[in-house]
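Residue numbers (the UniProt record's numbering): 1 to 145.
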């Protein structure tokens with residue numbers, strides 16, 4: 001015995017599932033886009049720290065009156081909300097560790113900048129920039145994962 005259903009009910013049910021599937025796929029695409037934009041912003045900010053480190057060295061060497069403003073810009077970038085979000089539970093420990101290391105070393109570098117210690121800065125800037133590069137690399141690997 002076959003049960004007859006109205007065609008309109010079957011079509012309505014199929015249409016409902018099509019709409020539901022399209023809403024879910026659109027939501028997933030928007031979440032992916034939002035995540036990608038935040039990741040790209042974090043990589044850009046982290047990469048800018050490299051340039052800012054060298055600029056601080058130049059400011060120190062040339063005794064630029066802009067050094068304090070540039071130190072504040074570096075501090076602001078390092079503490080940006082995008083990078084602060086890297087302390088979330090789902091971020092791999094390697095990324096968190098590299099970010100914490102940048103923070104700890106910045107405290108020393110900032111102190112040396114305030115003291116005008118050119119020799120120390122010149123000796124240690126390459127190591128700090130290497131740490132920034134490793135941090136950027138960790139962020140890029142995070143994005144690919």
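Backbone N, C-alpha and C fix where the C-beta goes; we use that ideal spot for every residue, glycine too.
Residue i versus the options, residue with shortest Cα-Cα distance
i, options, result
"residue 202", "94, 29, 40, 52", "Residue 202 falls outside the range modelled here, since the chain spans only 1 to 145, and no answer is possible."
"residue 104", "120, 128, 93", "128"
"residue 46", "122, 102, 121, 66", "102"
"residue 125", "73, 92, 93, 54", "54"
"residue 76", "92, 106, 95, 90", "106"
Residue i: first and last residue of the uninterrupted alpha helix (DSSP H) it sits in
i, result
"residue 106", "93 to 115"
"residue 81", "81 to 84"
Residues of its chain near residue i, where Cβ-Cβ distance is below 7 Å and the 5 sequence neighbours each way are ignored
i, result
"residue 147", "Any property of residue 147 remains undetermined from this structure, which presents the chain solely from 1 to 145."
"residue 116", "60"
"residue 71", "56, 110, 113"
"residue 140", "43"
"residue 12", "none"
As assigned by DSSP and simplified to three states, the class of residue i
i, result
"residue 4", "coil"
"residue 90", "coil"
"residue 63", "coil"
Own chain residues within Cβ distance below 6 Å of residue i, not counting five before or after
i, result
"residue 132", "49, 50"
"residue 67", "59"
"residue 121", "57, 60, 112"
"residue 108", "none"
Chain-order list of residues whose beta-carbon lies under 8 Å from that of residue i (same chain, five-residue window excluded)
i, result
"residue 99", "83, 86, 87, 135"
"residue 37", "For residue 37, the pLDDT reaches just 48, beneath the cut-off of 50, and the residue's location in the model is therefore unreliable, leaving the point undetermined."
"residue 96", "86, 87"
"residue 89", "none"
* Is the number of C-beta pairs between the stretch 18 to 25 and the stretch 69 to 85 that are closer than 8 Å three or more? -> no
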